[in-house]
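For the sequence shown, this note's numbering assigns the number 990 to the last residue and increments by one with no breaks.
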Amino acid sequence: MTSKNLDHFLKVNLADLKEKGLYNVIDPLESPNGPMITIAGKELINLSSNNYLGLATDDRLKEAAIDAVKKFGTGAGAVRTINGTLKIHLELEEKLAKFKKTEAAIAYQSGFNCNMAAISAVMDKNDAILSDELNHASIIDGCRLSKAKIIRFNHSDMEDLRARAKEAKESGLYNKIMVITDGVFSMDGDIAKLPEIVEIAEEFDLITYVDDAHGSGVLGDGAGTVKHFGLSDKIDFQIGTLSKAIGVVGGYVAGKQDLIDWLKVRSRPFLFSTSLTPADVAACIKAIEILTDSTELNKKLWENGDYLKAGLKKLGFNIGASETPITPCIIGDEVQTQEFSKRLNQEGVYAKSIVFPTVPRGTGRVRNMPSAAHTKEMLDRAISIYEKVGKEMGII
Ligand SMILES: Cc1ncc(COP(=O)(O)O)c(C=O)c1O
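The following block contains the structure:
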């Protein structure tokens, strides 16, 4: 017999989430995750994917993946440290280091895994981590896993960071102190204040850790937030994901050779989880080559982002403090946010609602992720649907 206690816990809590409008319904796609998608037989303008540059459906990546499957098979067959390191894993890491302008890089199976791997490989219970309050869930979990003291600072508040760094340093309680931030905050599209963070880090001898999942491929001509600010030699850990702008799956840390050597012997997902598949690795290599050769996709992404933002702002939507193509429409109330997203969907736009616990309570939003693959016609149509539904619901 299975647990009655568990059955009760699940029933009560699922019902509670549904009642509060916090239960996320998953819509399976019947098409690739491109600028237009098909869900339940209906074609929709897709503004919910992290496929920023359109590379997830790019023929060059698909061909590279198919060739790799033919040459190496479907799986790498082991963890990296046993015999799951194919030559193409090393080629990818070399290309990532060049792209990020660091001495070396290490690839993981996901961006989430990167944060599980990298933080706890260097931080422990005798250390402290200064963490932006809006950091991504995987950073929070990575910090918890390390057992270091977590000291949250107010979002992008440099005075608060400085005060907490000073206090932590002067307490003499910690062997090492790290400051950790998203490069681009994915719920609002704002950029971390890296120049100030570096200044504070230098003042208090902090280890710097930037998770650039949403900045890579987007800022700094594609190389990311750190390059955008010209700080490549000042950040210890540059984390990236291969599953958003790069269009495949995986994650990486780029940094000094010693750091990468250490992660290769001490980071647990590298040692205890099977390595990226040959198809994924080959497609990532192709994507990095494309981004190294040309900034065309990056330029198109920004053009489309600026266009959508201007259109929604002009209509009177609250698009928050976004500085990147990520464009939230902040509605506030969770139930109204979900209803707004549902109505957009009925009219032909797929823009997912994001509510607590992904964002703070009362800041529910419909988040738009325009990509390089959208056409002006698609964006115009999306803006006119926003206008119709926004007016109908009294949001604008
Ligand atoms: C800042 C940040 N880090 C890590 C991740 C996880 O990346 P992945 O999807 O490659 O696991 C995300 C994904 O949303 C993210 O936004």
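A virtual CB, placed ideally from N, CA and C, is assigned to each residue, including glycine.
Item: ILE840 (DSSP reduced to helix, strand or coil); Value: coil
Item: Contact check, PHE792 vs LYS743, beta carbons under 8 Å; Value: Note on identity: in this sequence residue 792 is Val, with Phe being the wrong assignment. For VAL792 and LYS743, no; Cβs fall outside 8 Å.
Item: Proximity to LEU767 [Cα-Cα], best of LEU739, GLY844, LYS719, GLY777; Value: LYS719
Item: Stretch pair the stretch 794 to 805 + the stretch 820 to 835: three plus CB contacts closer than 8 Å; Value: yes
Item: Integer-rounded CB distance, given that GLY615 should sit under 8 Å from GLU928; Value: 4 Å
Item: DSSP three-state assignment for ARG654, whether helix, strand or coil; Value: helix
Item: Closest residue to GLY777 among GLU764, GLY984, GLY816, ALA759 (Cα-Cα distance); Value: GLY816
Item: Stretch-stretch touch, CB-based, cutoff 8 Å, three pairs: the stretch 874 to 884 with the stretch 619 to 637; Value: no
Item: Helix, strand or coil at MET717 [DSSP, three-state]; Value: coil
Item: SER852, enclosing alpha helix (DSSP H) - first and last residue; Value: It should be pointed out that residue 852 corresponds to Asp in this sequence rather than to Ser. Here the alpha helix (DSSP H) through ASP852 covers 851 to 860.
Item: Any non-hydrogen atom of ligand 1 within 7 Å of ASP726 CB; Value: no
Item: Contact the stretch 630 to 640 vs the stretch 943 to 962: 3+ CB pairs below 8 Å; Value: yes
Item: Proximity of GLY845 and GLY705 at Cβ, strictly below 8 Å; Value: yes
Item: Rounded C-alpha distance that separates GLY841 from LYS598; Value: 43 Å
Item: Reduced DSSP category for ASP805 - H, G, I as helix; E, B as strand; rest coil; Value: strand
Item: Proximity below 8 Å, CB of GLY926 to CB of GLY956; Value: yes
Item: Beta-carbon spacing of LYS838, GLY811 below 8 Å; Value: yes
Item: N- and C-terminal bounds of the alpha helix (DSSP H) containing SER765; Value: 752 to 765
Item: THR921 and ASN962 closer than 8 Å at C-beta; Value: yes
Item: Three or more C-beta pairs below 8 Å linking the stretch 850 to 857 and the stretch 688 to 697; Value: yes
Item: Check whether SER714 and SER740 have beta carbons under 8 Å apart; Value: yes
Item: Contact the stretch 911 to 920 vs the stretch 600 to 612: 3+ CB pairs below 8 Å; Value: no
Item: Heavy atom of ligand 1 within 7 Å of ALA807 beta-carbon; Value: yes
Item: Any non-hydrogen atom of ligand 1 within 7 Å of PHE706 CB; Value: yes
Item: Contact test: THR835 Cβ vs ligand 1 heavy atom, cutoff 7 Å; Value: yes
Item: Burial state of ARG862, where buried means 16 or more other Cβ atoms lie within 10 Å; Value: exposed
Item: Alpha carbon of ALA976 to alpha carbon of THR952, nearest angstrom; Value: 24 Å
Item: Sequence ranges, beta strand (DSSP E) only - wholly within the stretch 917 to 987, length at least 3; Value: 921 to 926, 958 to 962
Item: Reduced DSSP secondary structure (H/G/I, E/B, other) of ILE639; Value: strand
Item: Rounded separation between ILE733 and ASN709 - CA only; Value: 6 Å
Item: Per-residue burial, VAL606 [other beta carbons within 10 Å of its own, 16 or more giving buried]; Value: exposed
Item: Among LEU623, THR668, HIS822, LEU895, nearest to HIS968 - alpha-carbon criterion; Value: LEU895
Item: Proximity test, SER780 beta-carbon vs ligand 1 heavy atom, cut-off 7 Å; Value: yes
Item: Nearest to LEU774 (by Cα), restricted to the options PHE823, SER826, VAL663, LEU728; Value: According to the sequence as given, residue 774 is Ile; it is not Leu. Ranking PHE823, SER826, VAL663, LEU728 by Cα distance to ILE774 puts LEU728 first.
Item: Whole-number beta carbon distance between VAL847 and ALA712, since they are thought to touch under 8 Å; Value: 5 Å
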